[in-house]
Amino acid sequence: MDRYAQGEDAAFSELYDAIAPRLYAFILRKVRNTERAEDLVQQTLLKLHCARSRYVPGSCVSPWAFAILRRLHVDQERRKKLEVLSPDGDNEAEATSALGDPEESVAHRQQLQILIDSVLSQLSPPQQAAFELVHHGQMSHAEAAEALGTTVASIKLRVQRAHRTLRAVLDSANAMPAPSNPNV
Amino acid sequence: MSNPSSVPDLPSLEPAAPSAALKDRTLAAAGRHAAPVRKQRARHTLMLVGLSWLLAIGVFVWAGGPRPSGRPLALQLGTAGVTASIVAVCIWALLLRGTSSLGRRASLLWSVALGAVPAILSWKVIWSIQFEGALDEWPGRPGFRCLALTLGIAACPLVAFVIARRGSDPKHPALTGFAAGIGIGATATLFTDLWCPVAFIPHLLLGHALPIATLGGFGALLGSLFIRLRNKEPDSIPRT
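Here it is, written out as structure tokens:
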């Protein structure tokens with residue numbers, strides 16, 4: 008990013024490779040629509056491009072990029088609420104297929120996803136934001152703290168509480184198979 | 002980068018990667034939008050901020066410049082020296098972005114912004130107590146001229162700040178604007194203190210504290226309107 012901020016245009020491709028997959032993975036889980044997710048990632052990267060001169064040398068790009076992405080998403084959601092939209096059933100199906108592995112049970116994954124989403128939506132907004140940035144955005148605690156404007160200790164606490172809630176609900180629902188992959 | 006803690010009981014739900022076309026599309030779109038580089042931005046900001054403060058000093062000089070009005074030199078130096086230190090902290094915390102591209106943390110902005118006015122006024126009163134008659138009421142000086150002068154000095158720098166930061170804050174643009182208003186207002190008060198000999202407390206509240214608060218409110222309004230990150234309709238982004 009530093010080279011790009013100084014005017015080396017070719018560095019934008021490297022920046023894209025470093026950050027776009029994480030942004031996409033993060034936002035796809037929220038919007039559950041590949042086209043919208045790609046639009047938001049593209050807008051975020053264009054915002055970074057336009058604001059490259061504002062980059063503070065030596066600072067981490069991820070919190071900045073995720074903060075922009077979150078803002079764009081929130082604004083888009085607000086606009087959507089003002090519009091009359093048709094039911095989103097097709098998008099759900101598309102998102103499920105994008106998330107799924109053809110070898111696995113799509114129905115099971117869909118159920119699991121719905122359960123996780125419902126638990127996440129019950130978390131307090133600070134816990135939800137911290138959990139999403141750390142797990143879906145693959146950010147470190149320090150990066151998430153910077154993105155949310157809080158301390159690392161606070162992020163750790165929020166994520167820990169989110170884990171506890173999620174685990175309790177999943178345990179009680181007994182909806183989980185034995186873990187094959189320890190990461191979310 | 003340290004990795005987030007793992008969640009052993011949760012399954013992996015890895016989403017698909019973005020399409021290859023997205024990269025081409027994004028790079029092409031970036032190629033079409035010229036974006037200034039850091040040196041250009043720094044030059045532009047320096048010119049803008051420099052010009053705005055030149056205008057602010059012009060307003061101060063036009064109003065008469067520093068006026069001792071019979072105040073002891075120690076009173077003037079003591080007031081101005083400590084106020085300048087408080088203003089320096091305000092500029093550092095409220096107007097500069099620090100080590101993050103996202104700017105200062107909200108808690109720091111709030112604490113410095115809310116502490117600035119009490120600190121400046123408290124010091125002025127505490128220091129003025131040492132000098133006989135310094136806190137006396139001045140008939141015919143309720144504080145409206147100080148109010149106008151502070152607002153007049155701060156107007157251009159505040160507008161310059163908003164122009165320099167326009168469309169840049171994805172987190173708390175109103176708070177950024179509020180903090181800028183307080184920081185610039187505190188700086189303007191430093192000039193007003195050199196101009197105004199009155200330390201009568203109601204005068205200080207009306208002529209010295211109120212304009213800073215007003216600038217903070219005005220900054221918050223400008224921030225929410227202009228400093229906030231602007232969103233573009235998805236449809237306006239080319240998909241080919």
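So the sequences go chain by chain: A and B.
Residue numbers for the first sequence follow our numbering, beginning at 8 and rising by one.
Residue numbers for the second sequence follow our numbering, beginning at 2 and rising by one.
All C-beta atoms, glycine included, are put in the ideal place defined by N, C-alpha and C.
Membership of residue 168/B in any alpha helix (DSSP H) is not indicated, and neither H nor E is assigned to it by DSSP.
Residue contact check for residue 30/B against chain A: a CB pair falls below 8 Å.
For residue 81/A, the uninterrupted alpha helix (DSSP H) segment begins and ends at 68-89.
Residue 76/A is a Cβ neighbour of residue 51/A, given a cutoff of 8 Å. Under the rule that a run must span 4 or more residues, the alpha helix (DSSP H) segments found entirely inside the region 137-202 of chain B read 145-166 and 174-196. Any Cβ of chain A closer than 8 Å to the Cβ of residue 21/B would place that residue at the interface, and such an atom is absent.
With 16 or more neighbouring CB atoms inside 10 Å of its own CB, residue 194/B falls in the buried class. In terms of Cβ geometry, residue 26/A and residue 69/A form a close pair [threshold 8 Å]. Ranking 84/B, 229/B and 55/B by CA distance to the CA of residue 154/B puts 55/B first. 98, 100, 101, 102, 103, 106 and 107: these are the residues of the region 88-121 of chain B whose beta carbon lies less than 7 Å from some beta carbon of chain A, given in chain order. Of all C-beta pairs linking the region 84-98 of chain B to the region 109-122 of chain B, three or more are shorter than 8 Å, placing the two stretches in contact. Among the CB atoms of chain A, one or more fall inside 8 Å of the CB of residue 34/B.
Pairing residue 80/B with residue 128/B gives a Cβ-Cβ distance under 8 Å.
At least one CB atom of chain A sits nearer than 8 Å to the CB of residue 169/B. Residue-level contact check: residue 27/B touches chain A, since one or more beta carbons of chain A fall below 8 Å from its beta carbon.
The C-beta separation of residue 182/B from residue 217/B comes to about 4 Å, placing the pair in contact by the 8 Å criterion. Between residue 125/B and chain A, the shortest Cβ-Cβ separation is not below 8 Å. Under the three-state reduction of DSSP output, residue 29/A falls in the helix class. One alpha carbon belongs to residue 225/B, the other to residue 45/B, and they sit about 23 Å apart. Only 34, 36, 37, 38, 39, 41 and 42 from the region 33-59 of chain B bring a Cβ to less than 7 Å from some Cβ of chain A. Taking a cut-off of 8 Å on C-beta distances, the region 164-174 of chain A touches the region 128-135 of chain A, as three or more cross pairs fall below it. About 5 Å separates the Cβ atoms of residue 73/A and residue 154/A, confirming a contact at the 8 Å cut-off. Nearest to residue 102/B by C-alpha distance, out of 15/A, 19/A and 64/A, is 64/A. Residue 231/B sits in coil when the DSSP states are folded into three classes, being neither helix nor strand. Residue contact with chain B for residue 45/A: present (Cβ-Cβ distance below 8 Å to some residue of chain B). At the C-beta level, residue 84/B and residue 211/B stay beyond 8 Å of one another. Below the 7 Å Cβ cutoff, chain A contributes no neighbours of residue 223/B, its closest Cβ being approximately 18 Å away. Close to chain B, meaning a Cβ-Cβ distance shorter than 7 Å, are the following residues of the region 18-33 of chain A: 19, 20, 23, 27, 28, 31 and 32. For residue 153/A, the C-beta contacts it makes with chain B under 7 Å involve 101 and 103, in order along the chain.
Assignment of residue 207/B by DSSP, reduced to helix, strand and coil, places it in the helix class.
Take the alpha-carbon of residue 60/B and the one of residue 152/B: they are about 10 Å apart. Spatial neighbours of residue 9/A in its own chain (CB-CB distance under 6 Å, excluding positions within 5 residues in sequence) are listed in chain order as 64. In the displayed model, residue 119/B falls within a helix according to three-state DSSP. Contact between residue 185/B and residue 159/B holds, with the beta-carbon distance rounding to 5 Å and staying under 8 Å. The alpha-carbon separation between residue 222/B and residue 164/B amounts to approximately 14 Å.
Around the CB of residue 62/B, fewer than 16 other CB atoms lie within 10 Å, so the residue is classed as exposed.
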